[in-house]
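Asks: This is the structure I want to talk about, given as structure tokens.
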Amino acid sequence: MSDEEEDYMSDKFLAGLLDVRPSLVHNRGRKRQIEVESKKEELKKRQRETAASSGNIDNVRLQQSLNKPIPADNKGFQLLAKMGYKAGYGLGQNSDARTEPVGITIKSGRGGLGREAAVAELALKRQEIRRAHLLSRAGIESGEEVSTEAYRRRATHKAEERKLQYDIKRCQQTCESLDLKSAITEPDLDFFWPPKPKDEDESKSDADDPEVEVPAKEEQYNPSEQLELLTGYLRTAYCFCYWCGTHYDDAEDLGSNCPGLTRDEH
1 MSDEEEDYMS DKFLAGLLDV RPSLVHNRGR KRQIEVESKK EELKKRQRET AASSGNIDNV
61 RLQQSLNKPI PADNKGFQLL AKMGYKAGYG LGQNSDARTE PVGITIKSGR GGLGREAAVA
121 ELALKRQEIR RAHLLSRAGI ESGEEVSTEA YRRRATHKAE ERKLQYDIKR CQQTCESLDL
181 KSAITEPDLD FFWPPKPKDE DESKSDADDP EVEVPAKEEQ YNPSEQLELL TGYLRTAYCF
241 CYWCGTHYDD AEDLGSNCPG LTRDEH
């Protein structure tokens, strides 16, 4: 064993331990010191518990005393009665004066006077932030109406959007398949075919190459307009009705057997 390493059997090593049971300490002075410290800690713990319970009891007694009306034989009540005070009426000349005494609460904790108000304000702010997070997750703006009817409207709107995107995707797949069968290699509009993922390196090289001609930006259409253009193109070019799911023989067959142009008409 080197000189730098401490001997775990020495008194120096045992003295450095924080939690030592008195029964394991053979030094009478050290054992007595540990017992005294443990008794002090227990006494402090009991004093804290007693102070907290007594503070609550005093507050209860105080509130019970304040809730009782002042008896007529009270000296203070007799002095007020001589000056014109009547029980149940406000104190002073004004009729809307205070009829009950100012509330009193005994402070038993060791926190600052403004701590309780600060903690209450902090809890309120946390509640507001939590509510804002929940609204944002639900897709609701902070100033928007929050009610059962509004929730149903939003849920219906989201369901319609999902259904619309599904119909557009199916129409794009049908349009691409029919165009390819007709030897058409490029769609008339970009959204007529399903979007194809473009390689990032290829897109960067195209953007850096000055000789590559950048195509003109097409006019933007909302999903409803895209679906209307897609179904119209399929009907006109291929006599195909997406809502019927049928490929008709010709335009006359389509016009006589197809109920209409929209989902509602089907």
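The numbering of the sequence shown is full-length UniProt numbering, which starts it at 1 and goes up by one. Each residue gets a CB set at the ideal place from its N, CA and C atoms; glycine is no exception.
1) Have a look at residue 115 and residue 61 and give me their C-alpha separation to the nearest angstrom.
2) Between the Cα of residue 182 and those of 171, 131, 163, 237, spot the shortest distance and give me the residue it belongs to.
3) Between the alpha carbons of residue 170 and residue 260, how many angstroms are there, rounded?
4) Taking the straight line between their C-alpha atoms, what separation do you get for residue 268 and residue 90?
5) Could you check whether residue 192 and residue 233 sit closer than 8 Å to each other, using their CB atoms as the reference points?
6) Is it buried or exposed, residue 1, if we count other Cβ atoms within 10 angstroms and call 16 or more buried?
7) Reducing DSSP to helix, strand and coil, say where residue 247 ends up.
8) How would you call residue 179, buried or exposed, if buried means at least 16 neighbouring beta carbons within 10 angstroms?
9) In whole angstroms, what separates the C-alpha of residue 248 from that of residue 256?
10) Have a look at residue 132 and residue 69 and give me their C-alpha separation to the nearest angstrom.
11) Look at the alpha carbon of residue 88 and the alpha carbon of residue 103, and state the distance between them as a whole number of angstroms.
12) By the 10 Å Cβ neighbour count, where 16 or more other Cβ atoms means buried, how is residue 263 classified, buried or exposed?
13) Taking only the alpha-carbon atoms, compute the straight-line gap between residue 28 and residue 43 and give it to the nearest angstrom.
14) If you follow the alpha helix (DSSP H) that residue 148 is in, where does it begin and where does it stop?
15) Residue 227 and residue 168: beta carbons closer than 8 Å?
16) Buried or exposed for residue 231, please, with buried defined as at least 16 other CB atoms from any protein chain shown within 10 angstroms of its CB.
Replies: Reading from the atomic positions:
1) Sequence index remark: in the sequence shown, residue 115 carries index 115 (1-based). Sequence index remark: in the sequence shown, residue 61 carries index 61 (1-based). Looking at the two C-alpha atoms, the distance is approximately 24 Å.
2) Along the sequence shown, read from residue 1 onward, the residue named residue 182 stands at position 182. It is 237 whose Cα lies nearest to the Cα of residue 182.
3) Taking the sequence shown and counting its residues from 1, one reaches residue 170 at position 170. Taking the sequence shown and counting its residues from 1, one reaches residue 260 at position 260. Distance between the alpha carbons of residue 170 and residue 260: 19 Å.
4) No statement about residue 268 is possible, as the shown extent of the chain runs from 1 to 266 and does not include it.
5) Counted from its first residue, the sequence shown places residue 233 at position 233. Counted from its first residue, the sequence shown places residue 192 at position 192. The answer is yes: Cβ separation under 8 Å.
6) Within the sequence shown, the letter at position 1 stands for residue 1. Annotation note: pLDDT 49 at residue 1 (below 50); position unreliable, coordinate value reported separately. It is exposed - the Cβ of residue 1 has fewer than 16 other Cβ atoms within 10 Å.
7) Here the question's residue 247 lines up with position 247 in the sequence shown. It is a strand residue.
8) Residue numbering aside, residue 179 sits at position 179 when the sequence shown is read from its first letter. Under this definition residue 179 is a buried residue.
9) As a first step, residue 248 is located in the sequence shown; it is residue number 248 there, counting from the start. As a first step, residue 256 is located in the sequence shown; it is residue number 256 there, counting from the start. Roughly 10 Å between the two C-alpha positions.
10) As a position in the sequence shown, residue 132 is number 132, starting the count at 1. As a position in the sequence shown, residue 69 is number 69, starting the count at 1. Distance between the alpha carbons of residue 132 and residue 69: 47 Å.
11) One-based indexing of the sequence shown puts residue 88 at position 88. One-based indexing of the sequence shown puts residue 103 at position 103. Using only the alpha carbons, I get a separation of about 17 Å.
12) For the purposes of this step, residue 263 is taken as the residue at position 263 of the sequence shown. Exposed is the call here.
13) What you label residue 28 is simply residue 28 of the sequence shown in a count that begins at 1. What you label residue 43 is simply residue 43 of the sequence shown in a count that begins at 1. The straight-line gap from Cα to Cα measures roughly 23 Å.
14) For the purposes of this step, residue 148 is taken as the residue at position 148 of the sequence shown. 148-181 is the span of the alpha helix (DSSP H), which, as asked, contains residue 148.
15) As a position in the sequence shown, residue 227 is number 227, starting the count at 1. As a position in the sequence shown, residue 168 is number 168, starting the count at 1. Their beta carbons are under 8 Å apart, which means residue 227 touches residue 168 by this criterion.
16) As a position in the sequence shown, residue 231 is number 231, starting the count at 1. Answer is buried; the Cβ neighbour count reaches 16.
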